[in-house]
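To start, the structure itself, in structure tokens.
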Amino acid sequence: MNVDSIRDGIVIDHIAAGCGMKLYRLLGLENLEAPVAMITNVVSGKMGRKDIIKVDAAIDVDLDIIGYVDPGATVNIICDGELKEKKRIEMPEKLVNVLFCKNPRCISSCEQELDQVFCLTDRAKKEYRCAWCETKASNI
Amino acid sequence: MARSVIDVPDLTKEELDQLMDTAEDIIARPDDYADACRRKKLATLFFEPSTRTRLSFEAAMYELGGNVLSVTGANSSSAAKGESVADTAKTVSCYADIIAMRHPKEGAASVAARNASVPVINAGDGGHCHPTQTLADLLTIRREKGRLGNLTVGLCGDLKFGRTVHSLLNAMSRYEGLRFVLISPEELKVPSYVKSDALKKKGIPYTQTENLEEVIGDLDILYMTRVQRERFFNEEDYLRLRDSYILTPEKMKKARDDLSVMHPLPRVNEISVAVDDDPRACYFKQVLNGKYMRMALILMLLGLKGGTQA
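Just so you know, the sequences run in chain order A and B. For the first sequence, our numbering gives the first residue as 194, with consecutive numbering after it. For the second sequence, our numbering gives the first residue as 136, with consecutive numbering after it.
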């Protein structure tokens with residue numbers, strides 16, 4: 194399968210197979226007018242299978258979202274058809290307005306303009322908890 | 136942003152010890168603290184019902200010579216008009232020197248603290264935190280036992296949803312030589328993340344059992360909580376276990392003479408009234424100790440001293 198290489202844009206590579214669509218949705222890529230390629234189940238020497246997202250536009254992506262979904266992913270910035278920068282991703286300590294607390298008793302369910310903040314509480318288990326009520330984030 | 140206390144981990148172990156020292160000094164020399172908060176105002180914002188906690192805060196401030204501004208019930212405040220917690224905190228900061236707030240929403244006190252320009256004390260935010268109850272518990276244990284370490288502490292009842300239990304576990308896990316006995320039905324065990332944070336990571340030994348009578352003889356402290364019918368998945372289990380978590384004079388016969396029985400109150404039926412006359416019952420002393428710890432906390436957050444510290 195061939196997908197044209199991009200001139201100016203980003204390639205999110207080494208996404209764990211099956212996580213690509215989740216990233217696509219959370220990054221809001223469906224709202225872009227630029228071409229976006231979502232490639233799933235690509236054969237990978239290191240990972241067995243992986244997903245790749247190619248965006249044919251120089252956009253800013255929220256690295257925290259990528260770090261939350263898959264800290265093993267890499268982000269390649271492409272300029273004039275050349276690799277300009279390769280970013281390694283880490284699991285973010287804090288997520289703001291990415292996850293939403295499902296606890297109906299949480300103050301974030303009713304307080305006006307209060308950010309939805311989740312903090313990393315267990316790196317090994319990839320566990321985030323609401324900064325307000327400490328409810329564990331459910332998988333998205 | 137002023138220094139606030141939303142949860143027990145907001146206080147270091149040294150600060151906990153200092154608060155208990157201050158409380159002990161207040162108990163020994165109350166007159167020396169009678170004017171410590173003169174011209175200071177405490178606002179008690181209670182957006183859900185409370186008897187002990189609100190009165191305890193208000194009594195604490197009056198005994199420090201301060202004044203109290205009080206809001207009770209969401210219906211009697213601007214919250215009824217839809218005012219946010221953030222705006223309420225900013226507004227009340229203009230009138231009071233310190234705020235004690237109870238709110239049904241979890242995390243509300245944290246939002247208030249971020250927006251108030253005066254210290255905020257969390258007087259309970261839903262089922263989340265109730266740090267001043269834990270302060271009362273710690274002082275009670277220290278006064279009854281003379282120490283907070285080297286104790287076998289039994290926690291009995293609803294250990295899953297009981298916020299006072301989780302908070303006490305976290306606070307006590309900072310002291311040495313403790314052993315916990317967790318007594319609860321299967322459905323109401325301490326959540327694994329609480330065990331992990333408070334016990335396993337710190338290497339604190341604990342055992343879990345469903346049977347209070349089997350272990351009551353091993354305990355220095357028995358901290359009772361209420362087992363509520365609605366927490367069970369089926370009625371049969373509730374009926375089967377209900378009576379085993381009611382503390383009676385018969386069960387107390389198996390306990391040591393130096394056991395201290397505690398309860399955060401309100402009690403419904405989990406401790407028989409007949410136990411109240413037992414010298415080992417400490418739950419009403421806990422109420423009184425709560426007032427002294429709230430006095431100490433108000434002084435600390437206002438940066439004031441009294442008694443021998445003045």
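Backbone N, C-alpha and C define an ideal beta-carbon position, used for all residues, glycine too.
Query                                                                                                                                                           : Result
Using a Cβ-Cβ cut-off of less than 9 Å, give me the residues of the region 257 to 272 of chain B that come near chain A, in sequence order.                     : Asp260, Gly261, Gly262, His263, Cys264
Within 8 Å of any Cβ in chain A, is that where the Cβ of B:Lys128 sits?                                                                                         : There is simply no residue 128 of chain B to check, as chain B begins at 136 and stops at 445 in what is shown.
Just confirm the distance between the C-beta atoms of B:Val396 and B:Met435, as a whole number of angstroms; I'd bet it's less than 8 Å.                        : Contact flag wrong, Cβ pair sits at about 29 Å.
For the region 180 to 198 of chain B, enumerate the residues whose C-beta is nearer than 9 Å to any C-beta of chain A, in chain order.                          : none
DSSP state of B:Ala271, grouped into three classes?                                                                                                             : helix
By the criterion of Cβ-Cβ separation under 9 Å, what are the contact partners of B:Val246 in chain A?                                                           : Ile300, Ser301, Glu304, Leu307, Trp325
So which residues on chain B does A:Asn290 lean against when the C-beta distance must stay under 8 Å?                                                           : Within chain B, no residue comes near A:Asn290; the closest Cβ sits about 16 Å away, beyond 8 Å.
Which chain A residues are close to B:Val220, counting only those with a beta carbon under 8 Å from its beta carbon?                                            : Ile300, Glu304
Considering only residues of the same chain and omitting the five flanking positions on each side of B:Ser308, which have a CB-CB separation below 7 Å?         : Ala333, Leu334, Lys337, Ile339
How big is the Cα-Cα spacing for B:Leu423 and B:Leu354?                                                                                                         : 23 Å
What does B:Ala409 touch in chain A if you count any residue whose Cβ is under 7 Å from its own?                                                                : The premise fails here: B:Ala409 is roughly 36 Å from chain A at the closest Cβ pair, so nothing lies under 7 Å.
Using a C-beta cutoff of 8 Å, does B:Ala224 count as contacting chain A?                                                                                        : no
Closer than 7 Å by C-beta to A:Asp255: which residues in its own chain qualify, once you throw out the five before and the five after it? Chain order, please.  : Leu220
Just checking: is the beta-carbon of B:Ala243 within a distance shorter than 8 Å of some beta-carbon in chain A?                                                : yes
In whole angstroms, give me the CA-to-CA distance for A:Lys280 and B:Ser331.                                                                                    : 34 Å
Give the C-beta separation of A:Val202 and A:Asp249 to the nearest angstrom, bearing in mind that I take them to be a contact with Cβ-Cβ under 8 Å.             : It is Gly, not Val, that sits at residue 202 of chain A in the sequence shown. With 8 Å as the limit, A:Gly202 and A:Asp249 qualify as a contact, their Cβ atoms being about 5 Å apart.
Taking just the CA atoms, how far does A:Glu286 sit from B:Tyr222?                                                                                              : According to the sequence as given, residue 222 of chain B is Asp; it is not Tyr. Rounded to whole angstroms, B:Asp222 to A:Glu286 spans 28 Å at the Cα level.
What is the residue span of the alpha helix (DSSP H) that A:Ala171 lies within?                                                                                 : Because chain A here runs from 194 to 333, residue 171 of chain A falls outside it and cannot be looked at.
Going by beta carbon distance, what residues of the same chain come within less than 7 Å of B:His301, once the five residues before and after it are set aside? : Val329
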